[in-house]
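In the UniProt record's numbering, the protein residues as written are 1 to 618.
Dropping the structure here:
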């Protein structure tokens, strides 16, 4: 039995409403909770951003700053959020308001970020549904350029770029040449977006009661598909080239400060910290749950998943690079042989480079006239792409070169959808739970209706991403909503726990829940290392962003360097929105404190006037 002293040692627990605590939903079992947290943390970024960063920053060398960031910031913040939510058994607004009424804006900031991120994140799932639908066509529509007579202009656009580029930019997005030209709404994308939000609603309709059932599929299925892709990719020619480039370290890249900045932001964002979803999920746990072990499990599974997903991705990219190299080399040799009427050109892979160098030096006019190219395998291997470029262009092009391409396309987009869907659960939970805990929603409104209204409002606002300029807006939301606000929120979260509530009292709460205090590692990280790292990363991010003019890449077929994307500066009105998007969530933090101060002053003034009136009467 717990002694009296331990009962008194935790102020946070005393602040909870025991009646509401008894009525609060609970996870059916521990597996549901862990899978939900893992599904929220493991998302699209593990598949398409982590491999890109490894490719950009020296392969295996990138793992060093990545692991340091995991140990020094990722795990401590993850443990803190899981513990604080489990202790108070409330959403992000209730958690920080319980620690101090002046921190109520911190929960509002998390809720706002979760809402804004959910808008564009589910739009990506709508694109995935569109590609999934087209994956059943034979041949795949991004395998060849279209041949319809009424698409002559667009066919030329396809020939100048690639079929994969054409299907993405023209047939899917029908993208406008710049962000100033919004264009009309693409009907097919609206239908896919509606389907994506409907699926999210069905899975989320009763909160953790339905999430807990869906998560068995959405969290486990991606690992099944990744394993299938791993086995298949290792049998492809050129796979070893890609895997070798992944794990071959380039130590010189560690001298670049951007490596450390990107490593810190990647581990931070991939763990889904500061969204409020993890706090909400852990609030449905029993208070004696071992949250320290949960944090370690979720953190390491998330990081190991990034590495595990990178192996088949790089193997397939290696296969694509070798295939493109052989096509380029054979095309060059055959063009040369046909021009000189040579029936059997005896040029091997080993002699190709010497042959081309000799030809270019002795007869450069012939090389220019016939547009002969020097095909470089490393150049094809180092062609990097991140985000939508990797998923909808690079990978789809690679799939067309694989045997049974339709099957692999279907599996790939099912995997992406389930990955994104489990992350959407966390985004919506980070919005819905704080709303319910605020008690501003009338109790007569059923949760199913409230969830439906949230999805409907989100769908309506997200129609901006279905415009022809929608991809440009999605990039803005992705770059400016899911960056600075999360760093700011996380910094104030750890400051609130360590310096406002007190790390010793917080440690006592954890001992009350789990039976032991956090060890020296957690204490040092919470007190010094983690807040310092967050501050350094935030300042470094601002310095890096301030040194460059914000630009975006526009797909313009009339551009002189087409098919190379055109770098354009943001118009002034769009730049103002870029500043406003991260500023709005961050502003809730000081505004929440200011509101409490005004409320306190009003209460003080009212009480003083009441006392003065009483004195006059007496």
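The beta-carbon is built from N, C-alpha and C at its ideal position, and this holds for glycine as well.
Residue i versus residue j: straight-line alpha-carbon distance, rounded
i           : j           : result
residue 465 : residue 418 : 21 Å
residue 73  : residue 259 : 16 Å
residue 15  : residue 292 : Note that residue 15 scores 42 on pLDDT, short of 50, meaning its location in the model is unreliable; the coordinates nonetheless yield the value given after this. Spanning the two alpha carbons is a distance of roughly 22 Å.
residue 265 : residue 483 : 8 Å
residue 359 : residue 369 : 13 Å
residue 467 : residue 475 : 13 Å
residue 207 : residue 271 : 21 Å
residue 98  : residue 583 : 25 Å
residue 228 : residue 410 : 13 Å
residue 596 : residue 500 : 16 Å
residue 39  : residue 32  : 10 Å
residue 335 : residue 328 : 11 Å
residue 4   : residue 30  : Reliability fails at residue 4, whose pLDDT of 33 lies under 50, so the model's placement of it is uncertain and the value that follows must be treated cautiously. Rounded to the nearest angstrom, the two C-alpha atoms are 29 Å apart.
residue 341 : residue 371 : 17 Å
residue 279 : residue 530 : 18 Å
residue 550 : residue 579 : 11 Å
residue 490 : residue 425 : 20 Å
residue 401 : residue 165 : 15 Å
residue 147 : residue 129 : 25 Å
residue 603 : residue 261 : 46 Å
residue 534 : residue 547 : 20 Å
residue 556 : residue 406 : 30 Å
Which listed residue (the options) has its alpha carbon closest to that of residue i
i           : options               : result
residue 141 : 126, 158 and 125      : 158
residue 179 : 436, 422, 308 and 470 : 470
residue 599 : 104, 49 and 29        : 104
residue 122 : 227, 46, 422 and 239  : 422
residue 295 : 81, 608, 499 and 62   : 81
residue 201 : 490, 451 and 565      : 451
residue 66  : 114, 213 and 254      : 254
residue 170 : 414, 554, 290 and 211 : 554
residue 459 : 70, 317 and 192       : 192
residue 56  : 91, 256, 367 and 222  : 256
residue 414 : 214, 132 and 564      : 132
residue 94  : 408, 315, 214 and 433 : 433
residue 564 : 85, 429, 177 and 107  : 177
residue 302 : 50, 389, 496 and 567  : 50
residue 196 : 235, 183 and 119      : 119
residue 114 : 427, 337, 68 and 348  : 427
residue 298 : 284, 338 and 267      : 267
residue 233 : 315, 187 and 390      : 315
Cβ-based neighbour list, residue i, same chain, cut-off 8 Å, excluding 5 preceding and 5 following
i           : result
residue 364 : none
residue 353 : 374
residue 377 : 241, 321, 322 and 325
residue 381 : 241, 242, 245, 317, 318 and 321
residue 116 : 477, 481, 581 and 585
residue 420 : 43, 44, 121, 122, 124, 125 and 128
residue 203 : 210, 211, 214, 218, 421 and 425
Residue interval of the beta strand (DSSP E) (run including residue i)
i           : result
residue 554 : 551–554
N- and C-terminal bounds of the alpha helix (DSSP H) containing residue i
i           : result
residue 65  : 63–69
residue 349 : 349–362
residue 569 : Not the alpha helix (DSSP H): residue 569 falls in the beta strand (DSSP E), residues 566–569.
residue 486 : 484–495
residue 296 : 291–339
residue 85  : 75–88
residue 145 : No alpha helix (DSSP H) contains residue 145, which DSSP labels as neither H nor E.
residue 427 : 405–437
residue 473 : 470–480
residue 457 : 447–461
residue 163 : 163–166
residue 262 : 257–270
residue 133 : 104–134
residue 39  : 30–41
residue 526 : Careful: residue 526 lies outside any alpha helix (DSSP H) and carries neither H nor E.
residue 399 : 395–400
residue 227 : 208–233
7 Å Cβ shell around residue i - same chain, five flanking residues per side excluded
i           : result
residue 163 : 142, 143, 144 and 145
residue 62  : 53, 54, 259 and 263
residue 522 : 76 and 79
Cβ of residue i within 7 Å of any chain B Cβ
i           : result
residue 162 : As a matter of chain content, chain B is missing from the structure shown, which is built from one protein chain.
Nonlocal neighbours in the same chain, by C-beta distance under 6 Å from residue i, ignoring five residues either side
i           : result
residue 569 : 549 and 551
residue 416 : 128
residue 396 : 142 and 164
Do the stretch 42–58 and the stretch 304–312 touch if we need at least three Cβ pairs shorter than 8 Å? yes
- Pairing CB atoms from the stretch 78–95 with CB atoms from the stretch 268–285, are three or more of them under 8 Å? yes
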